[in-house]
Amino acid sequence: MSSRTSSVDGTSLRRVVGASAAVVAAVQAGTAVVALRRGRRDYADAAWGPGLAAVAVTSAALGSGDPWRRWALAGVTTAWAVRLERLMLGRVHGTDEEDERYTEFLDGDGTAAVVAKVFVTQGLAQLAVSAPLQLAAASTLPRTPRRWLFPAGMAVMVAGAVVEAAADRQKARFMERDRDERPDVLDTGLWGLSRHPNYLGDSVVWDGAWVAAAASAPGAWTFPAPVAMSYFLVFATGAKRTERRMEDRPAYRDYQRRVPFFLPLPRRSGGSAQAGDEG
Numbered sequence: 250m251s252s253r254t255s256s257v258d259g260t261s262l263r264r265v266v267g268a269s270a271a272v273v274a275a276v277q278a279g280t281a282v283v284a285l286r287r288g289r290r291d292y293a294d295a296a297w298g299p300g301l302a303a304v305a306v307t308s309a310a311l312g313s314g315d316p317w318r319r320w321a322l323a324g325v326t327t328a329w330a331v332r333l334e335r336l337m338l339g340r341v342h343g344t345d346e347e348d349e350r351y352t353e354f355l356d357g358d359g360t361a362a363v364v365a366k367v368f369v370t371q372g373l374a375q376l377a378v379s380a381p382l383q384l385a386a387a388s389t390l391p392r393t394p395r396r397w398l399f400p401a402g403m404a405v406m407v408a409g410a411v412v413e414a415a416a417d418r419q420k421a422r423f424m425e426r427d428r429d430e431r432p433d434v435l436d437t438g439l440w441g442l443s444r445h446p447n448y449l450g451d452s453v454v455w456d457g458a459w460v461a462a463a464a465s466a467p468g469a470w471t472f473p474a475p476v477a478m479s480y481f482l483v484f485a486t487g488a489k490r491t492e493r494r495m496e497d498r499p500a501y502r503d504y505q506r507r508v509p510f511f512l513p514l515p516r517r518s519g520g521s522a523q524a525g526d527e528g
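Under this note's numbering, the residues of the sequence shown are numbered 250 to 528, in order.
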């Protein structure tokens, strides 16, 4: 196919999008049933990774695009999701209490409102974020230097996943320390470069997926997907919520003055070197 014509197989793309929507609907419906029965609406957190992995694998299996790219994207996405799922399951099974974020957000809501605000919304977010995976699965790679965006994007995905995993592990080790011996905040390792390195790594994973998809020209038009993911991680469910919960602690306010919010910009001087973000 000429690089000047569309590299997307329309029939394949419709098949991938339709199947992805069905898979996401099934994941969210199943999670909603269990969550509502047990009164734990925060089980929705445990459906995020599996839903995206399901879309990646479904897209790879049903797409007609470059097989190396669609299966590489599926593989890295699944590996990312498996690690995240282990973390999420540990959190939801580690307590009998629902995450206060859900309790506050859904206060007074009935079943229909909960399903719409949590599970339908999350399903739509999964389909939006995974748009680069779906389009890449139905697209060929060009015979131009642009094709090198595919390996470059995969490298970015892996780097982001490594940063996210390392940050989560550093936080876990911090939380495992005796409370009497544990500093007020974690500002060592990756947490000394960014106040939210786990969310930063997660964001980079999906930036990489977009870069890999953009190796085919139409894939570049899915740029709202990584933008949406970064918005979710910073404003909707992640970093900003943590900041609001922690900012009443003097040690954390000092941490805010010394360490950049998200991107690892040069470290600021001043303040005492106490130690991390528990969010």
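Ideal Cβ positions, reconstructed from N, Cα and C, are used throughout, including at glycine.
Host alpha helix (DSSP H) of residue i (start-end)
i: residue 501; result: 499 to 507
i: residue 472; result: Element bounds for residue 472: n/a, residue is neither H nor E.
i: residue 515; result: Counting along the chain, residue 515 falls outside any alpha helix (DSSP H), and DSSP gives it neither H nor E.
i: residue 308; result: 297 to 311
i: residue 323; result: 316 to 342
i: residue 290; result: First-last for residue 290: undefined, no H or E at that position.
i: residue 486; result: Note, residue 486: premise wrong, no alpha helix (DSSP H); not H, not E.
Secondary structure of residue i, DSSP reduced to three states
i: residue 443; result: coil
i: residue 266; result: helix
i: residue 453; result: helix
i: residue 521; result: Because the pLDDT at residue 521 is just 40, under 50, the model does not fix this residue reliably, and the point stays unresolved.
i: residue 257; result: strand
i: residue 434; result: coil
i: residue 425; result: helix
i: residue 347; result: coil
i: residue 463; result: coil
i: residue 496; result: coil
i: residue 354; result: helix
i: residue 250; result: In this prediction, residue 250 has a pLDDT of 40, which is less than 50 and means its spatial position is unreliable; nothing more can be read from the coordinates.
Reference residue i, options the options, closest by Cα
i: residue 354; options: 490, 406, 502; result: 490
i: residue 384; options: 477, 294, 462, 333; result: 462
i: residue 291; options: 258, 267, 330, 368; result: 368
i: residue 443; options: 350, 515, 304; result: 515
i: residue 448; options: 324, 267, 412; result: 412
i: residue 456; options: 424, 379, 496, 312; result: 379
i: residue 392; options: 500, 288, 315; result: 315
i: residue 326; options: 468, 486, 352, 451; result: 451
i: residue 500; options: 431, 410, 458, 486; result: 431
i: residue 439; options: 471, 509, 482; result: 509
i: residue 403; options: 340, 374, 317, 484; result: 317
i: residue 258; options: 371, 284, 308; result: 308
i: residue 288; options: 417, 341, 276, 375; result: 341
i: residue 388; options: 468, 503, 332, 487; result: 468
i: residue 487; options: 350, 298, 284; result: 350
i: residue 363; options: 286, 437, 441; result: 286
i: residue 338; options: 512, 446, 280, 441; result: 280
i: residue 277; options: 371, 319, 366; result: 371
i: residue 375; options: 498, 470, 295, 310; result: 295
CB contact below 8 Å: residue i versus chain D
i: residue 408; result: In the displayed structure, chain D is absent; only one protein chain is listed.
Quick check on the DSSP output: what are the complete alpha helix (DSSP H) runs of length 4 or more inside the region 356 to 402, in order along the chain?
360 to 363, 370 to 378, 380 to 386
Within the chosen definition, does the region 373 to 383 reach the region 457 to 477 through at least 3 CB pairs nearer than 8 Å?
yes
Mind the definition here: the region 296 to 311 touches the region 271 to 283 only if three or more C-beta pairs lie below 8 Å; say whether that holds.
yes
Do the region 422 to 430 and the region 336 to 355 make contact, defined as three or more Cβ pairs closer than 8 Å?
no
Are the region 471 to 485 and the region 397 to 411 touching, with three or more C-beta to C-beta distances below 8 Å?
no
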